[in-house]
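See structure below.
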Amino acid sequence: MAQAAVALDREAFSCAICLDLLKDPATLSCGHSYCMRCIHDHWDEEEEKQEYSCPQCRHSFISRPVLVKNTMLAVLVEQLEKSGPPVDICSEHNEVKKMFCRTDQQLLCVVCCMDKHAGHRTVSAAAERAEMQAKLEVRLDKIHQMIHSKETGLDRASEETFTILIHVMKERQAEVEQQIRTQQENEETRLQEHQQELQSDISELKRTQTYPEVSPAEATPIFPTQPPGSFEHVTAALSTLSDLLQQTLKEGLDNISQAPTQVEQLLAQSEKPLPQAHSTVPLLLDQPERPLNLNEPTTRKGFLKYAKEITLDLNTAHRQLSLSDENRRATFEEDANRYPKNPNRFSYYYQVLSRQRLTGRCYWEVKWDTSATNWSDSTITIAVCYNNIKRKDKSDECRFGFNENSWALQCSRDDDYTFYFNEDETDVYGPTSSRIGVYLDHSSGILSFYSVTTSMNLLHRVETSFTQPLYAGLKFESSDHGATAYFPKLK
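Heads up: the sequence shown runs through residues 1 to 491, numbered per UniProt numbering.
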């Protein structure tokens, strides 16, 4: 009880600002007392606000109070300081607790040590304090060591993380640079192909203006004489195509030069088709005059003069068609590939289109690999179609040969052939071969399929009017897993 009283007295005479015994105590009009220096320092901080208040009750004063020392309170504090620090007093024997019982872990007076705690392990309080302090210092050293170890480990982990980050960034930089180079090469290839197609169209249009030179005496017209202005649309088309060629070349070169600084735009542009440069050709084909019908080759050597290199467009391939050999070969897989979503991809029928647009006079071949699958058990459809054929459902509008936008020759397991157009079916007979040749004269509206053996054997011939550029296509049947077909190089 005496200890509690002393402790209460010390708290009562402590400054609320510094929490120590009052020094030069000054009492405010609200009744609270503080050290003279503490309350002055507090009000100095409030000088700018022109507000002076009590730190405890927040009572404010209009002007800064003039403080004087509370002499009575100063005397009491002085006496309290002289009484010394508080001590533990045994409540039973009124003796100072100078001993420590290690058995019961408590402070004792000498009488308690000899009475109730007789036989216990006891030491002086000072000795116990020194030993406990030494243990705490050892423990504190260990804690400091642990902190240092953790800090060192954290620094090391940070360095390793930073090193890994640098490595990952360098790898990513290499990947981006490779993507830039690849895209640049693709753009250059696409530009060259497009340039060749435009030049082919220009040559084809020029060809329509060429007539056999005969003498006036021999001039018996094979077709009605055309007025001088009947080919004005051809001249206009040539001019338009020439301008479009220059514009396309300029835009393509600009895209290539900007590739290192516009990677994401370049990647986005790679998904878009090239500008449709043949918009003038349908207009020409719609005119009453038809181009002259040149003789069709009869030998494979003659057809190879019009050979067209065909590669397949991965963005159109069904997910179960795997492309290889520079995208010349298509294989029907049992499991679907993880191709990205694309509006041009066939989603139901196992079909794929070529990258190249087909105009003018073209010849290409399709061959199936008899070593990969037994041809007698497989069916492959060879087709040409317009680019506006539908892709995303199972209707006939998406199926080669079952709509007005596609023509298809089915090479079936029964060693025979069937031609399809707009749901019309025509049985075709001819020698069996694992190589089919396709000849297109776009301007004349001629499409021919040949069985290529030691000679060129005509299987089926179409004569129509093509209103748009065509694309080569392949189609597999659902039961033909492992079947493969490809476009061999002809040059």
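Idealized CB from N, CA, C, for every residue including glycine.
Nothing here was measured: the structure is a model prediction, and the numbers come from that model.
Pop quiz: residue i and residue j are said to be a contact at Cβ under 8 Å. What is the actual Cβ separation, rounded to whole angstroms?
i: P25; j: S14; result: That belief does not hold up - the Cβ atoms of P25 and S14 are roughly 10 Å apart, past 8 Å.
i: Y450; j: G437; result: 4 Å
i: E204; j: G401; result: In fact, because the Cβ distance is near 26 Å, the residues do not count as touching under 8 Å.
i: Y486; j: K367; result: 6 Å
i: R121; j: R102; result: 4 Å
i: D475; j: Y350; result: For the record, residue 475 in the displayed sequence is Lys; it is not Asp. With 8 Å as the limit, K475 and Y350 qualify as a contact, their Cβ atoms being about 6 Å apart.
i: L358; j: L198; result: No, L358 and L198 are not in contact; Cβ-Cβ is about 14 Å, not under 8 Å.
i: residue 517; j: S448; result: Given a span of 1 to 491 for the chain in the structure shown, any question on residue 517 remains unanswerable.
i: S67; j: I39; result: The sequence shown places Leu at residue 67, rather than the Ser named in the question. Right, their Cβ atoms sit about 7 Å apart.
i: S347; j: R391; result: 6 Å
Return the first residue and the last residue of the beta strand (DSSP E) that residue i is part of.
i: Q410; result: S406 to C411
i: N457; result: M456 to E463
i: Q56; result: Run containing Q56: none; DSSP gives neither H nor E here.
i: Q351; result: Y350 to L353
i: R329; result: R329 to F332
i: L440; result: R435 to D441
i: Q106; result: Q106 to L108
i: T484; result: T484 to Y486
i: A383; result: I380 to Y386
i: R361; result: R361 to W368
i: G401; result: Taken as a continuous stretch (DSSP letters only), G401 belongs to no beta strand (DSSP E), as it is neither H nor E.
i: V452; result: I446 to V452
i: G473; result: L470 to F476
i: P25; result: P25 to T27
Report the rounded CA-to-CA distance for residue i versus residue j, giving the unit in angstroms.
i: R64; j: W43; result: 8 Å
i: D193; j: A157; result: One point to set straight first is that residue 193 is Glu, not Asp, in the sequence displayed. Those two C-alpha atoms are separated by around 53 Å.
i: L107; j: V138; result: 24 Å
i: E334; j: G482; result: 8 Å
i: D20; j: A74; result: 13 Å
i: L490; j: N327; result: 15 Å
i: T453; j: D369; result: 15 Å
i: L76; j: R58; result: 26 Å
i: P275; j: G153; result: The predicted position of P275 is uncertain, since its pLDDT is 39 and thus under 50; a value taken from the coordinates is nonetheless stated next. Approximately 59 Å between the Cα atoms of the pair.
i: E11; j: L22; result: 10 Å
i: H148; j: K142; result: 10 Å
i: A472; j: Y429; result: 22 Å
i: F421; j: R172; result: 49 Å
i: T298; j: E425; result: 26 Å
i: F332; j: V176; result: 32 Å
i: C112; j: A127; result: 18 Å
i: A133; j: M146; result: Correcting the residue type first, residue 133 is Gln in the shown sequence and not Ala. Their backbone Cα atoms lie some 20 Å apart in a straight line.
i: F303; j: L312; result: 21 Å
i: R345; j: L323; result: 14 Å
i: Q195; j: T161; result: 50 Å
i: E78; j: E95; result: 26 Å
i: T381; j: E187; result: 31 Å
i: S455; j: R300; result: 7 Å
i: M36; j: N70; result: 10 Å
i: E47; j: S29; result: 19 Å
i: K150; j: Q178; result: 41 Å
i: K135; j: F100; result: 17 Å
i: L314; j: T189; result: 16 Å
i: F61; j: K49; result: 12 Å
i: H93; j: C109; result: 8 Å
i: Q410; j: S200; result: 30 Å
i: T27; j: K98; result: 40 Å
i: H442; j: L459; result: 19 Å
i: D104; j: L140; result: 25 Å
Less than 7 Å between the C-beta atoms of residue i and residue j, yes or no?
i: H352; j: A383; result: Going by the sequence as given, residue 352 is Val instead of His. In this structure, A383 does not lie closer than 7 Å to V352 by Cβ.
i: L440; j: C362; result: yes
i: Q356; j: I310; result: yes
i: T467; j: G445; result: no
i: S433; j: T379; result: no
i: N403; j: D396; result: yes
i: Q56; j: A16; result: yes
i: N457; j: P488; result: no
For the alpha helix (DSSP H) containing residue i, name the first residue and the last one.
i: D424; result: Run containing D424: none in the alpha helix (DSSP H); it sits in the beta strand (DSSP E), D424 to V428.
i: E92; result: Per DSSP, E92 belongs to no alpha helix (DSSP H) and is neither H nor E.
i: E131; result: A125 to R207
i: F303; result: R300 to L304
i: V75; result: T71 to K82
i: residue 516; result: No answer is possible for residue 516: the residues shown for the chain start at 1 and end at 491.
Let me see if you follow: with CB-CB separation under 7 Å, is residue i close to chain B or not?
i: T464; result: Here there is only one protein chain, and chain B is not present.
Report task. Specify whether the segment 338–350 and the segment 311–329 touch according to this definition: at least 3 beta carbon pairs, one from each stretch, less than 8 Å apart. Result -> yes
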